[in-house]
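**Student:**
Chains as they are written, first to last, in our numbering: chain A, 41 to 368; chain B, 41 to 368.
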């Protein structure tokens with residue numbers, strides 16, 4: 041049974057519950073608590089050999105711990121972000137109120153092989169603690185066990201957001217602008233181990249602009265855009281010339297036969313924000329430049345199914361959102 | 041680095057946060073939310089080869105899924121229990137208000153080997169769903185990945201309890217009665233895979249009696265009693281004749297050279313409730329018999345360190361709470 045088929049089968053088995061206002065299938069689950077608050081919960085597992093490898097050229101113990109928690113923080117960001125960030129990115133209490141959101145908490149379970157050193161175990165925890173501290177997220181509990189196989193680290197992050205504050209995948213509307221933060225592709229060269237979850241950026245966007253839908257890029261631009269289009273019942277046109285391509289996508293492209301564009305469209309684990317919003321709001325963002333990282337206007341939501349690419353030569357090409365091998 | 045040493049080291053690294061009113065070290069973490077509510081969060085991981093094994097005489101896929109979620113539900117029970125149980129055990133809404141507690145939610149991450157069948161994966165989920173349904177706990181999210189090694193399943197259960205509703209390990213007081221539910225020992229013969237978390241029982245106890253401290257029995261009676269004594273700064277005397285010994289402890293005793301009592305005192309994973317309370321409250325429980333399972337009055341909390349056993353012959357024996365090999 042394939043992983044995605046299993047997940048779809050599980051999703052069908054899950055009963056909906058009246059107070060679960062964001063069911064399985066989005067970046068986080070949401071539970072209505074009190075009158076107008078939503079608790080956000082996300083859980084992720086990273087596995088040695090799949091999400092990281094150790095040894096020469098691979099991840100350090102610090103990076104493994106860092107990544108394990110970062111992927112869950114990125115899921116929370118994609119739902120609308122929360123305050124509680126430390127340092128100069130912090131919102132004032134007025135802004136916190138405006139965004140209607142509250143603090144995050146994390147728990148984690150770690151399985152390690154007995155032959156790994158105490159130093160390794162401590163470095164792994166230090167990586168987790170470093171990103172928790174950076175985003176002012178108390179680590180409040182956990183469980184540790186041993187394994188004879190690959191290391192598995194599971195993290196759960198919990199937050200409380202105002203009902204206003206949750207951004208779903210399903211909210212994209214016809215004529216919405218499609219925007220993305222940062223530059224895309226080639227994260228396997230390093231970014232997938234040390235990315236900064238876009239929690240501050242998502243919070244700024246959600247506080248000051250009217251965002252209709254948002255997701256974090258974990259499976260790749262095309263696959264994740266498809267995760268927005270399907271529940272929204274829409275299609276999309278992307279503009280080739282506006283896709284932001286990272287230096288690592290160019291670097292990787294010189295090693296393999298894929299184009300830098302292909303890497304930007306299909307590589308996973310960029311953990312940038314992909315979001316859609318009314319055109320006039322996109323113009324405001326372009327004018328205001330409210331973030332310290334680039335935001336690119338890469339396409340529009342339109343009627344119909346699927347994703348089309350408007351090439352630099354003015355041609356329309358159909359894109360299949362399943363990763364590079366299906367992309368002509 | 042040993043597992044417990046690693047956990048102790050991690051606990052030292054964790055900063056306390058003013059809103060975290062139950063820090064790491066109890067059965068759940070607790071976060072103050074709103075004026076007088078506490079969110080309870082617990083996370084556990086079970087690993088193939090340690091917490092279960094597959095194949096002849098081992099666990100079925102259903103039992104693996106069941107156990108993975110049951111251990112976390114048991115942790116929530118040990119903090120004071122919550123309502124939301126289905127069927128005739130349900131509290132009326134007045135009782136729900138009285139216990140000051142709210143509903144539970146669960147998320148899980150599962151890593152499976154690729155060669156395991158779709159049927160196995162589905163049965164595993166069915167086990168998890170069965171216990172979730174039994175306790176009316178919506179499964180609201182999760183993550184699935186593959187591994188080349190042992191199956192790891194991590195579960196996180198979240199609930200909201202009134203401040204009154206949380207029972208900590210640290211609350212035991214001198215002259216408290218020590219009570220335990222059910223019968224103990226030999227869970228390896230089967231109970232560790234199909235135990236019923238004592239959520240309803242913990243809730244009844246916490247609603248109608250003044251309980252000072254509570255824990256669920258996962259490491260064994262002596263080890264878990266020690267988890268109450270240490271933070272409470274107290275000692276204990278147990279009465280040999282009152283320790284409830286399970287049939288499986290007798291059965292196991294006939295196979296190995298340990299006494300049935302030793303099994304009851306040191307075997308892990310009974311997942312019964314161990315709690316302490318003022319003597320007059322213990323008498324009330326003995327008189328009322330409010331639970332459908334046995335409750336035994338096994339000893340008292342007293343000044344001093346450590347655990348002593350009053351034998352059937354009237355002798356006092358010092359017990360060392362580290363598992364059977366240290367127990368004379």
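Glycine included, C-beta positions come from ideal geometry on N, C-alpha and C.
Any Cβ of chain A within less than 8 angstroms of the Cβ of residue 183 of chain B?
**Tutor:** yes
**Student:** Just how far apart, CA to CA, sit residue 315 of chain B and residue 64 of chain B?
**Tutor:** 19 angstroms
**Student:** Could you give the residue range of the alpha helix (DSSP H) that holds residue 99 of chain A?
**Tutor:** Looking at the DSSP string, residue 99 of chain A is not in any alpha helix (DSSP H), and its letter there is neither H nor E.
**Student:** Between the C-alpha atoms of residue 226 of chain B and residue 345 of chain B, what's the straight-line distance to the nearest angstrom?
**Tutor:** 28 angstroms
**Student:** Quick one: which residues of the region 85–117 of chain A get their C-beta closer than 7 angstroms to a C-beta of chain B? List them in chain order.
**Tutor:** 85, 87, 89, 90
**Student:** Mind pulling the chain A residues with CB within less than 9 angstroms of residue 49 of chain B?
**Tutor:** 158, 161, 162, 165
**Student:** My parser needs the alpha helix (DSSP H) runs of 4 or more residues fully inside the region 218–284 of chain A; what are they?
**Tutor:** 231–234, 239–248, 261–272
**Student:** Which term fits residue 206 of chain B, buried or exposed, when burial requires 16 or more other beta carbons within 10 angstroms of its beta carbon?
**Tutor:** Looking at its Cβ environment, which holds 16 or more other Cβ atoms inside 10 Å, residue 206 of chain B is buried.
**Student:** Compare the C-beta of residue 308 of chain A against all C-beta atoms of chain B and say whether one is closer than 8 angstroms.
**Tutor:** no
**Student:** Counting C-beta neighbours from all protein chains within 10 Å, is the total for residue 281 of chain A 16 or more, i.e. buried, or is it exposed?
**Tutor:** Residue 281 of chain A should be labelled exposed.
**Student:** Which of helix, strand or coil does DSSP assign to residue 107 of chain A?
**Tutor:** helix
**Student:** Would you kindly work out how many angstroms separate the C-alpha atoms of residue 377 of chain A and residue 323 of chain A, rounded to a whole number?
**Tutor:** One cannot answer for residue 377 of chain A here, as it falls past the ends of chain A, which runs 41 to 368.
**Student:** Nearest by alpha-carbon distance to residue 276 of chain B: which of B:174, B:181, B:357 is it?
**Tutor:** B:357
**Student:** Considering Cα atoms alone, identify which of B:118, B:66, B:88, B:56 is closest to residue 312 of chain B.
**Tutor:** B:118
**Student:** Residues of chain A with CB closer than 7 angstroms to the CB of residue 194 of chain B, please, in chain order.
**Tutor:** 85, 149, 194
**Student:** Restricting to Cα atoms, I'd like to know which of B:58, B:233, B:186, B:242 is closest to residue 201 of chain B.
**Tutor:** B:242
**Student:** With a 10 Å radius around its C-beta and 16 neighbouring C-beta atoms as the bar for buried, classify residue 250 of chain B as buried or exposed.
**Tutor:** exposed
**Student:** What separation, rounded to the nearest whole angstrom, lies between the Cα atoms of residue 104 of chain A and residue 145 of chain A?
**Tutor:** 19 angstroms
**Student:** Which of the three DSSP states is assigned to residue 127 of chain A in this structure?
**Tutor:** Residue placement at residue 127 of chain A is poorly supported in this model, since its pLDDT is 31, which falls under 50; the coordinates are not used for a value here.
**Student:** Does the CB of residue 81 of chain B have a neighbour CB from chain D at under 8 angstroms?
**Tutor:** Chain labels in this structure do not include chain D; the protein chains are A and B.
**Student:** Could you work out which residues of chain B lie near residue 155 of chain A, taking near to mean beta carbons separated by less than 8 angstroms?
**Tutor:** Neighbours of residue 155 of chain A on chain B: none; closest Cβ ~11 angstroms, over 8 angstroms.
**Student:** Take residue 151 of chain B and list the residues in its own chain whose beta-carbon comes closer than 7 angstroms to its own, dropping the five residues that flank it on each side.
**Tutor:** 185, 186, 187, 191, 192
**Student:** Can you name the residues of chain B whose CB is closer than 8 angstroms to the CB of residue 78 of chain A?
**Tutor:** Per Cβ cutoff of 8 angstroms: no residues; residue 78 of chain A is ~12 angstroms from chain B at best.
**Student:** So, does the CB of residue 179 of chain B fall closer than 8 angstroms to a CB anywhere in chain A?
**Tutor:** Yes, contact with chain A.
**Student:** According to DSSP, simplified to helix, strand and coil, what is residue 120 of chain B?
**Tutor:** coil
**Student:** Is it buried or exposed, residue 320 of chain A, if we count other Cβ atoms within 10 angstroms and call 16 or more buried?
**Tutor:** exposed
**Student:** Report yes or no: is there a C-beta of chain A within less than 8 angstroms of the C-beta of residue 198 of chain B?
**Tutor:** Yes, because at least one Cβ of chain A sits closer than 8 angstroms to the Cβ of residue 198 of chain B.
**Student:** Under 8 angstroms, Cβ to Cβ, is there at least one residue of chain B near residue 187 of chain A?
**Tutor:** yes
**Student:** Under a three-way DSSP split, which group does residue 163 of chain A fall into?
**Tutor:** helix
**Student:** Cα-Cα, which of B:72, B:301, B:175 is closest to residue 352 of chain B?
**Tutor:** B:301
**Student:** What does residue 54 of chain B reach in chain A if we use C-beta pairs closer than 7 angstroms?
**Tutor:** 179
**Student:** Could you compute how far the alpha carbon of residue 238 of chain B sits from the alpha carbon of residue 53 of chain A?
**Tutor:** 26 angstroms
**Student:** Assuming the contact rule is C-beta atoms closer than 8 angstroms, residue 213 of chain B and residue 341 of chain B should be a hit. Round their C-beta distance to whole Å, please.
**Tutor:** 6 angstroms
**Student:** Of all the options B:247, B:51, B:263, B:102, which has the alpha carbon lying nearest to the alpha carbon of residue 360 of chain B?
**Tutor:** B:263
**Student:** Rounded to the nearest angstrom, how far is the Cβ of residue 221 of chain B from that of residue 182 of chain A, given a contact under 8 angstroms?
**Tutor:** Not really, about 27 angstroms apart at Cβ, beyond 8 angstroms.
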